[in-house]
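In my numbering, the protein residues as written are 1 to 467. A virtual CB, placed ideally from N, CA and C, is assigned to each residue, including glycine. Heads up: the structure comes next, in structure tokens.
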């Protein structure tokens, strides 16, 4: 009996001490390549769209996090929510809007990323899901990103025109500004209107039919600025132009105390007055009288230090740096980057050019917007506006289009620049170098406050001071 119980116990212990096939035990026999994979311990959430909307909200102002979130979403869902894609594009546009911290170079680098192009392709592929509420937001995002997508714009303009009576006055002013910035007033789009190139006129006509109480001072200043950008000083007629009326409504909500705190309103007001003084339309007097004189004086005295410093170009751009490197290779050092341009009798300038050649009276402007599908370049609203103003100031303007410039080799780029510069030779007696040599002082200057003539203290107290 004892012997039976001992054998039984041995058999029982042999079975009980056998290794249990745990997860860690099985994973130890797997190849190293499989062990590097991350195994999801938890199942995906039931409402995956809601989760990604919440993640998109938490990464509101970080472009890098937004694109990484888009990459993770398309990895788990072949057809992401179209509203989520629209919101993703809108948040990218808000991150690079006109009050953002990012420079133009950062915006151009973002637009060139493959992930951003995948996002645009997803929006184009299912553009049948575009809703009327998406139209103003997508148009503003494309404007802020300086990205003109020809495949989306006809559908967006169709939605804008078919729901024209539903837009409020602030939305109409934003739509007009976006259309002007993208240069849609310079080319027909194939929308539903009879004259497709007059989508800006269509929106302006709708503004005149609305109740002015629905808009703020910023909206009227923006509408006035858009009239100047498109050279509509005397629109809709010479006798009853809308520009003085818009300026008067913009100034009604301001005072001398609130004018310095109005942000972009003061910039647009002063630039409107300056361009009116440069181009001199027939209603010049009415335009200038619509802004109170004390407002004009305040804007003029604070322009350089308080207003323009927040609106001038911040850093260089991609095409601008490329052109500058080609000019440096050719030995041409007379070009100035982001230099102000104006009339000779101006006390202070208002506009900046990409490159300025003072001895040739020549400016380079750079158009980053995409060319049409047939390859024809279309200028943006700001480019055509600056070209018009610079010509009135006595400068010639050459516009370089990124869509065509990127297709050229280095020798072709040099040939094109030399052809442009040979067309505008240096003016007689106007030699200029952007890299001046070291300062040279005459030996008999006799000026004691120069730094090189100051006494140098090597020990204290000094034994002798000689000048």
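Nearest to residue i (by Cα), restricted to the options the options
i	options	result
residue 405	344, 239, 371	371
residue 104	366, 290, 415	366
residue 268	234, 300, 252, 224	224
residue 359	396, 377, 388, 382	396
residue 157	369, 175, 327, 382	175
residue 214	200, 249, 418, 184	249
residue 177	163, 141, 149	141
residue 45	58, 77, 21, 60	77
residue 416	323, 107, 128	323
residue 276	128, 388, 401, 162	388
residue 296	328, 280, 327, 247	247
residue 271	253, 304, 252	304
residue 203	161, 187, 373, 130	161
residue 84	136, 22, 52	52
residue 147	368, 403, 133, 424	368
residue 376	391, 61, 150, 344	150
residue 234	206, 265, 281	281
residue 228	186, 264, 273, 206	273
residue 110	67, 72, 291, 30	67
residue 115	65, 352, 153	65
residue 289	245, 332, 306, 326	245
residue 251	222, 231, 279	222
residue 108	407, 420, 317, 328	317
residue 230	286, 279, 253	279
residue 173	206, 163, 183	206
residue 59	92, 31, 79	92
residue 72	119, 31, 29	119
Boundaries of the alpha helix (DSSP H) in which residue i is found, first to last residue
i	result
residue 125	114-125
residue 176	169-181
residue 109	104-111
residue 73	63-76
residue 94	82-95
residue 52	48-58
residue 141	134-144
residue 423	410-423
residue 27	23-27
Whole-Å CB distance - residue i paired with residue j, under 8 Å assumed
i	j	result
residue 56	residue 88	6 Å
residue 294	residue 256	6 Å
residue 356	residue 330	With 8 Å as the limit, residue 356 and residue 330 do not qualify as a contact, their Cβ atoms being about 17 Å apart.
residue 381	residue 180	4 Å
residue 145	residue 96	6 Å
residue 379	residue 62	Not quite, the Cβ-Cβ distance comes to about 32 Å (not below 8 Å), so this is no contact.
residue 353	residue 386	7 Å
Host beta strand (DSSP E) of residue i (start-end)
i	result
residue 337	336-341
residue 468	Residue numbering for the chain in the displayed model covers 1 to 467; residue 468 lies beyond these limits and cannot be assessed.
Interface flag, residue i vs chain C, CB-CB below 9 Å
i	result
residue 138	The displayed structure is made up of one protein chain only, and chain C is not part of it.
>> If we require 4 or more residues per run, which alpha helix (DSSP H) segments fall completely within the region 372-402?
In response: Complete alpha helix (DSSP H) runs here, min 4: 381-392.
>> Under 8 Å, with one C-beta from each stretch per pair, do the region 164-175 and the region 197-215 reach the 3-pair mark?
In response: With a cut-off of 8 Å, the region 197-215 and the region 164-175 count as touching, because enough Cβ pairs lie within range.
>> Quick check: the region 331-351 against the region 302-312, are at least 3 beta-carbon pairs closer than 8 Å?
In response: Judged by pairs of C-beta atoms under 8 Å, the region 302-312 touches the region 331-351, as three or more such pairs exist.
> Of all the beta strand (DSSP E) runs that stay within the bounds of the region 199-239, which reach a length of 3 or more residues?
Replying inline: Correct list: empty.
> Quick check: the region 258-268 against the region 232-243, are there 3 or more CB pairs under 8 Å?
Replying inline: In this structure the region 258-268 does not lie against the region 232-243, because fewer than three pairs of beta carbons, one per stretch, are closer than 8 Å.
>> I'd like the ranges of any beta strand (DSSP E) spanning at least 3 consecutive residues and lying wholly in the region 278-358.
In response: Runs found: 336-341, 351-357.
> Does the region 119-136 come close enough to the region 343-353 that 3 or more CB-CB pairs lie under 8 Å?
Replying inline: No, the region 343-353 does not touch the region 119-136.
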